[in-house]
Each structure stands twice: as structure tokens, then as C-alpha cells.
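K.L.:
Structure incoming, see below.
Residue numbers (our numbering): -13 to 116.
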């Protein structure tokens, strides 16, 4: 269900351009996560990020601690769905099946992220299970 005061249609060219940009950004997030370079990985998250009770600083601290114990990480993103949320802010809702594997954890989950365009860059403002 979508609730909005107005509907804004994008031209096919504009939507394809935005979709391609988002796909590249999501792929960059995925490969930066696999690289175990926590700084690059965290660069995809907004300073306004929230997930459950965690804000960005708490999330960043946790990720640094977790990545310190990783020898390798593999992340697959399957069945990607991208939906542009109506409203004045440029927000997209991304849903996908995540297959995460590392030297000490195997996990599959359906994940949802909200990406917001900040200063021309897409940043994750929310992340959780779908």
C-alpha cells in the first residue's frame, strides 16, 4: 500500500539512470563490506543512521569490533527490489535476500534498507530485517 498526497512520474530515462546509479551504489556497499575495510563500508551510512536502538556511532563501533575478528567475508545480494518512496526527500526502499558468510558466521536473511540522497550521494539511513 502506498499513501501519498501526490504522485510524481519519472521519465523512463530518468528512472533507468537512477536505478543504475543505485545498483552501482549497492554493489559498492556489498564489495566494501567484503573488503573488511570498515571505513569504506561505513562511508555508505548516513550520520543520521538508525537501526533499532543503535545510532550511527554505536553501529560503527559494533562493526569495527566484529570486523576485527573476520578473516574473510562473502556477501550475496539476491532478489533486489528498489522502490522510490513518495515525498519531498529522495528516499528509496531497498529490499533483498542477503546471504552472508564469513570464517565464523553463516547467515541468510531478508533485509530492508532505506537510502537517502545526501549531498548528491546515496546513504543508508535505516537497515533491518524485512
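The C-beta atom is built at its ideal place from N, Cα and C for all residues, glycine as well.
1) Quick one, which of -2, 76, 54, 37 has its alpha-carbon nearest residue 24's?
2) Do you know whose CA, among 1, 17, 61, lies nearest residue 91's CA?
3) According to the Cβ coordinates, are residue 113 and residue 99 closer than 7 Å?
4) Are the beta-carbon atoms of residue 79 and residue 69 separated by less than 7 Å?
5) Measure the C-alpha to C-alpha separation of residue 102 and residue 42 and round it to an integer number of angstroms.
P.N.:
Result, derived from the coordinates:
1) 54
2) For the residues 1, 17, 61, the minimum Cα distance to residue 91 belongs to 61.
3) yes
4) yes
5) 14 Å
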